[in-house]
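These protein sequence lines map, in sequence, to chains D and Y.
Add 93 to a position in the first sequence, counting from 1, and you land on the number used in this note's numbering.
Add 93 to a position in the second sequence, counting from 1, and you land on the number used in this note's numbering.
This report concerns only the one structure given below.
Number of protein chains: 2
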Amino acid sequence: MVVDKLSETELDRLFQAFADSTRRDIVRRVTVGEYSVSGLAALYAMSFAAVQKHVAVLERASLVTKEKRGREQIVRGNHDGLQKARGLLDEYEQIWRQRAARMADILAEG
Amino acid sequence: MVVDKLSETELDRLFQAFADSTRRDIVRRVTVGEYSVSGLAALYAMSFAAVQKHVAVLERASLVTKEKRGREQIVRGNHDGLQKARGLLDEYEQIWRQRAARMADILAEG
DNA sequence: CTAACCTACAACCAAATGGTTGTAGATAAA
DNA sequence: TTTATCTACAACCATTTGGTTGTAGGTTAG
């Protein structure tokens, strides 16, 4: 299974998107249910425009998608971004496991 | 197995730390080998102080530790931070799986 | 001892971030 | 048609971020 290499700026955007608790909450919500942008905005103690910006950040990071429905814009979770982020952290975990294996080898030899 | 709940600001710091390619590179390097701060600084086209700041960001996020050895400060990878970040993304993955399961149920009923 | 090296930290700067208000265009409801 | 709602986007502001240079203190090497 080949996973396409992610550009560094793509990873920057992904983790940057996760680095805010409001955005993490939005991701959780829109994965479970359907929300318009104003539906989301009603949940937080900040302006509509602020929430709109958060959604834009998430969209650029492939963590959500928007779909126009009437006068509303429906925000939905996008598995792509999450998978990519998990992919990177899995690579790092692999490096740790290899390191652990090497240390075990050294102990076995010694 | 109980995993202690992470504070939101702790998560902010973690993902913020990952949101920079130089810092991601540092994490990889110090997981595999041993580097002093100046040893790391030699690798990048930026000043010593800039790298020092990156290391500080990683340290605050529990992604690396520093240990004084003589006049050097040895930077090592810290599995803690990585595990916590992976823990969060795993939670999000769970939410996706539950969603998929619900959708399958709905299809089965209908 | 002196010189070189490694680190820490302050001060500064430009750009990005996270928030605000205000304006304007579509769409839906009365 | 008029009015209300939803969205987009610009302009602005304060704070943070990612970089710089410079200074100072501790440790090693000659």
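Backbone N, C-alpha and C define an ideal beta-carbon position, used for all residues, glycine too.
Computed from a prediction, not measured in an experiment: that's the story for all the values here.
When D118/Y, K177/Y, V130/Y are compared against G163/Y, the one with the closest alpha-carbon
V130/Y
Contacting positions in the stretch 157-191 of chain D - beta carbon closer than 9 Å to chain Y:
G170, H172, L175, Q176, A178, R179, L181, L182, D183, E184, Y185, E186, I188, W189, Q191
Pull up the DSSP beta-bridge partners for G170/Y, would you.
V157/Y
Please list, in chain order, all residues of the same chain as Q145/D whose beta carbon is under 7 Å from its beta carbon, the five residues on each side excluded.
V130
Kindly indicate the opening and closing residues of the alpha helix (DSSP H) around S103/D.
Per the sequence presented here, residue 103/D reads as Glu, with Ser not at that position. Per DSSP, E103/D belongs to the alpha helix (DSSP H) from 101-111.
Please classify I72/Y as buried or exposed, where buried requires at least 16 neighbouring CB atoms within 10 angstroms.
Because chain Y is modelled from 94 through 203, residue 72/Y falls outside the range shown and cannot be assessed.
Quick one: what's got a C-beta closer than 6 Å to L99/Y's C-beta in the same chain, skipping five residues either side?
K177
In chain Y, what lies closer than 7 Å to E101/D by C-beta?
S114
Would you say V120/D faces chain Y, with C-beta separation under 8 Å as the test?
yes
Using a Cβ-Cβ cut-off of less than 8 Å, list which residues of the stretch 124-138 of chain D approach chain Y; keep chain order.
T124, V125
Count the other CB atoms, across all protein chains shown, that sit within 10 Å of the CB of V120/Y; report buried if there are 16 or more and exposed otherwise.
buried
Same chain only: Cβ atoms within 6 Å of A154/D, ignoring 5 sequence neighbours per side:
R106, L107, A110, G174
For D198/Y, decide whether its Cβ has a neighbour in chain D, counting only Cβ atoms nearer than 8 Å.
no
Option in G132/D, I188/D, S114/D, T102/D with minimal Cα separation from A112/Y:
T102/D
Does any C-beta atom of chain Y lie closer than 8 Å to the C-beta of F111/D?
yes
Rounded to the nearest angstrom, what separates K161/D and K159/Y at their Cα positions?
50 Å
Answer yes or no: do L133/Y and R122/Y have a C-beta to C-beta separation smaller than 8 Å?
yes
Going by the beta-carbon positions, is the gap between R190/D and V125/Y smaller than 8 Å?
no
Taking the beta carbon of G203/Y as the centre, do at least 16 other beta carbons fall within 10 Å, making it buried, or is it exposed?
exposed
Measure the alpha-carbon distance for E127/D versus Q166/D and round it to whole angstroms.
10 Å
Can you pull the chain D neighbours of F108/Y, defined as C-beta to C-beta under 7 Å?
F108, F111, A112
Enclosing alpha helix (DSSP H) for L133/D [first to last residue]
130-134
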